[in-house]
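What follows is a short report on a single structure.
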Amino acid sequence: MEEDVYKGSSYEFWKYDEGKQELVYNQVVKDDMVLFDTAGQLVFKLNNDNEIVSYRQTLLGKQDDLQEKKKVLSSVDALEAVYQHGDLKTDSKIKQVVFGYYTTVQLSSGDVYFPIWCFEVEHKGVTSYFLVNAKDEQVINLDETKQQVLRI
């Protein structure tokens, strides 16, 4: 990937979408992934033999304004925030925990990203994503909007 894709080393594997037959990679900025942002993704389309037949790539511009990881919540404290928010159901399984960056503010001068903990949670076969702002413990449930957010 590093040799065949422009700035391929700037991306990390995020997920395999079996239904769409796609491999999704997210751009890495300051050693952490930018999550749920189609402006920084590399998506490989696979055929029925799991061979890459095409790809789509977007690349974020310069990201000097990303907040550093200084004085952020630990993953345990972030998980506690999800629990206290009432989003964890009995028998839920945490499939993945990732520290990264997320944006909800889009300005004409550029997007504003903030550090988050992302919890991929499975409950009764349904996958949900809970994001916790690593600065103020705000919980964002992507369960309802993830189809829109993940669509490229």
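Numbering (full-length UniProt numbering), first residue to last: 1 to 152. We treat Cβ as the ideally placed atom computed from N, Cα and C, and that holds for glycine. These numbers come from a predicted model, not from an experiment.
DSSP assignment within the stretch 26-87 yields the following whole alpha helix (DSSP H) runs of 4 residues or more, N-terminal first: 75-84.
For residue 96, the enclosing beta strand (DSSP E) begins and ends at 93-107. By the beta-carbon neighbour count (other beta carbons within 10 angstroms, threshold 16), residue 130 is buried.
The criterion of a C-beta distance shorter than 8 Å is satisfied by residue 22 and residue 45. Between the alpha carbons of residue 127 and residue 92 lies a gap of roughly 10 Å. At least 8 Å separates the beta-carbon of residue 72 from that of residue 30.
No residue range can be given for residue 137, since it is assigned to no beta strand (DSSP E) and is classified by DSSP as neither H nor E. When the beta-carbon positions are compared, residue 59 and residue 5 stay at least 8 Å from each other.
In the structure shown, the three-state DSSP call for residue 8 is helix.
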